[in-house]
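In my numbering, each residue's number is its place in the sequence shown (first place is 1) plus 389.
Just so you know, even glycine gets a beta-carbon here, dropped at the ideal spot from N, CA and C.
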Amino acid sequence: MALLNVEQQDLRKLVAEFAAKEIAPRAAEYDRTEEFPWDNIKQMAELGLLGLPIPEKYGGAEVDAVSYAAAVEEISKACAATGAIMAVHISAGIMPIYLFGTEEQKQKYVPDLASGKRLGAFALTEPNAGSDASRVQTVAVPDGDDYVLNGTKCFISNGGPAGVYTIFASLDRSKGVKGITAFIVEEGTPGFSIGKKEEKMGIRASSTVELIFDNCRIPKTNMLGKEGEGFKIAMVVLDGARIGIGAQAVGIAQAAYEEALKYSKVREQFGKPISAFQAVSFMIVDMAIQIEAARHLVYHAAYLKDAGLPYGKEAAMAKTFASDTAVKVALDAIQVMGGYGYSREYPVERLLRDAKITQIYEGTNQIQRVVIAGHILK
Numbered sequence: 390m391a392l393l394n395v396e397q398q399d400l401r402k403l404v405a406e407f408a409a410k411e412i413a414p415r416a417a418e419y420d421r422t423e424e425f426p427w428d429n430i431k432q433m434a435e436l437g438l439l440g441l442p443i444p445e446k447y448g449g450a451e452v453d454a455v456s457y458a459a460a461v462e463e464i465s466k467a468c469a470a471t472g473a474i475m476a477v478h479i480s481a482g483i484m485p486i487y488l489f490g491t492e493e494q495k496q497k498y499v500p501d502l503a504s505g506k507r508l509g510a511f512a513l514t515e516p517n518a519g520s521d522a523s524r525v526q527t528v529a530v531p532d533g534d535d536y537v538l539n540g541t542k543c544f545i546s547n548g549g550p551a552g553v554y555t556i557f558a559s560l561d562r563s564k565g566v567k568g569i570t571a572f573i574v575e576e577g578t579p580g581f582s583i584g585k586k587e588e589k590m591g592i593r594a595s596s597t598v599e600l601i602f603d604n605c606r607i608p609k610t611n612m613l614g615k616e617g618e619g620f621k622i623a624m625v626v627l628d629g630a631r632i633g634i635g636a637q638a639v640g641i642a643q644a645a646y647e648e649a650l651k652y653s654k655v656r657e658q659f660g661k662p663i664s665a666f667q668a669v670s671f672m673i674v675d676m677a678i679q680i681e682a683a684r685h686l687v688y689h690a691a692y693l694k695d696a697g698l699p700y701g702k703e704a705a706m707a708k709t710f711a712s713d714t715a716v717k718v719a720l721d722a723i724q725v726m727g728g729y730g731y732s733r734e735y736p737v738e739r740l741l742r743d744a745k746i747t748q749i750y751e752g753t754n755q756i757q758r759v760v761i762a763g764h765i766l767k
């Protein structure tokens, strides 16, 4: 792939071969059972895939953002749920602590997360606080050397299996986003429990749950950053996480495209393969164009991140276009395959269900357009 240098291509090839051999064959069964794919996670941990962009001093592989995006794409092509777990763990689970944690916090948490000994999660969303983070109702009250957390989070990816959570709570709700502060909360902390597990349309093997805090007491040393910096932390983390979601969407789209392309060459009607008909061939061509454009946007955002340049606008563009592309390509793949595409005998109906969430999480595509407008219309 011309977009990647030799080292990046080698990593992509390694991940692609692993994903095709070990992850793809189990994807349909994990989707059917909704079982968390621990076997996949353990094998990825052994390969060092769960700490790819993290520096070696903290137990990571220290690869660049472009390499990370390529790896997420390949894992997601094989199993979107596993790709989502990986992307959330790294981009939203480890990165808040790595980017904003004290050295003591980094040494305590990041090596275990980067090695895959523990999974990470990120908890901002609440029943009444989705796109509007200023409505966060979870509160943190200082009490001696501790903070006491009370509230509920919802739609938390990796919730349950995760061992370390970045939680956002308000110290003063009258201040809106300026009152939000970030905290590190570990599984098993008294007063912290897992609530309802969501039964989802897609990425069914990933765990999405409610988190409940009932007089959950954590030490003040677990505050991440400074008081009132939580919203800033969340926005910085989400900018980077959108590159991962864009890569996930490209992987899903690529899988759907390959299924439709393969089917179109062997399915015959009126005495010839349906790929010979212009109506079908043009659909296949459009899929290829859209996927390549989406991949370029994702890699461009990752390149800017690697270069230390502003990338918030580009990450939002990449996430928006790639996720819209994933849904469209999956829909068109079903159309190319007709009744078989609608059947669970083939994976494209699952890929459509998996694709839809990429338009929603890490900021809906409507919110991404607000973000982009803020950059280009200022």
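(request) Using alpha carbons as the reference points, say which of Gly-448, Ser-465 and Leu-436 lies closest to Pro-414. (result) For the residues Gly-448, Ser-465 and Leu-436, the minimum Cα distance to Pro-414 belongs to Ser-465.
(request) Would you identify the three-state DSSP class for Val-598, choosing helix, strand or coil? (result) DSSP places Val-598 within a strand segment (E or B) once states are collapsed to three.
(request) Alpha carbon to alpha carbon, how far is Val-718 from Phe-710? Give it in angstroms, no decimals. (result) Looking at the two C-alpha atoms, the distance is approximately 12 Å.
(request) Could you name the residues of the same chain whose beta carbon sits closer than 6 Å to that of Glu-576, not counting the 5 residues immediately before and after it, in chain order? (result) Answer for Glu-576: Gly-552, listed in chain order.
(request) Tell whether a beta-carbon distance below 9 Å holds between Phe-620 and Val-566. (result) Yes, these two residues count as a Cβ contact at 9 Å.
(message) Looking at the secondary structure, which residues open and close the alpha helix (DSSP H) in which Asp-695 lies?
(response) For Asp-695, the enclosing alpha helix (DSSP H) starts and ends at 667–695.
(request) Just the C-alpha distance for Cys-468 and His-689, rounded to the nearest angstrom, thanks. (result) For Cys-468 and His-689, the distance between alpha carbons rounds to 24 Å.
(message) Using a Cβ-Cβ cutoff of less than 6 Å, which residues in the same chain neighbour His-764 once the five nearest sequence positions on both sides are dropped?
(response) Answer for His-764: Lys-702, listed in chain order.
(message) Here's a check: name, in chain order, each residue in its chain whose Cβ is nearer than 6 Å to the Cβ of Gly-449, leaving out the five neighbours to either side.
(response) Gly-440, Ile-443 and Ala-503, listed in sequence order.
(request) Following the continuous alpha helix (DSSP H) through Pro-500, name the residue where it begins and the one where it ends. (result) Following the DSSP letters along the chain, one finds Pro-500 inside the alpha helix (DSSP H) bounded by residues 492–504.
(request) Output the boundary residues of the alpha helix (DSSP H) element that contains Glu-575. (result) Annotation for Glu-575: no alpha helix (DSSP H) segment contains it, though the beta strand (DSSP E) segment containing it runs 569–575.
(request) Closer than 7 Å by C-beta to Phe-666: which residues in its own chain qualify, once you throw out the five before and the five after it? Chain order, please. (result) Excluding positions up to five away in sequence, the list is empty.
(message) Considering just the uninterrupted stretch of the alpha helix (DSSP H) at Thr-709, what are its terminal residues?
(response) Residues 701–731.
(message) If the criterion is Cβ atoms closer than 9 Å, does the pair Ile-592 and Ala-470 meet it?
(response) Here Ile-592 is near Ala-470, since their CB atoms are less than 9 Å apart.
(request) Compute the distance between the beta-carbons of Phe-572 and Met-612, then report whether it is under 9 Å. (result) In contact: Phe-572 and Met-612 (Cβ atoms closer than 9 Å).
(message) Looking at Ile-678: is its Cβ nearer than 9 Å to the Cβ of Gln-643?
(response) Going by C-beta atoms, Ile-678 is not nearer than 9 Å to Gln-643.
(message) Does Val-537 come out as helix, strand or coil in the three-state DSSP assignment?
(response) In the three-state reduction of the DSSP assignment, Val-537 falls in the strand class, which pools E and B.
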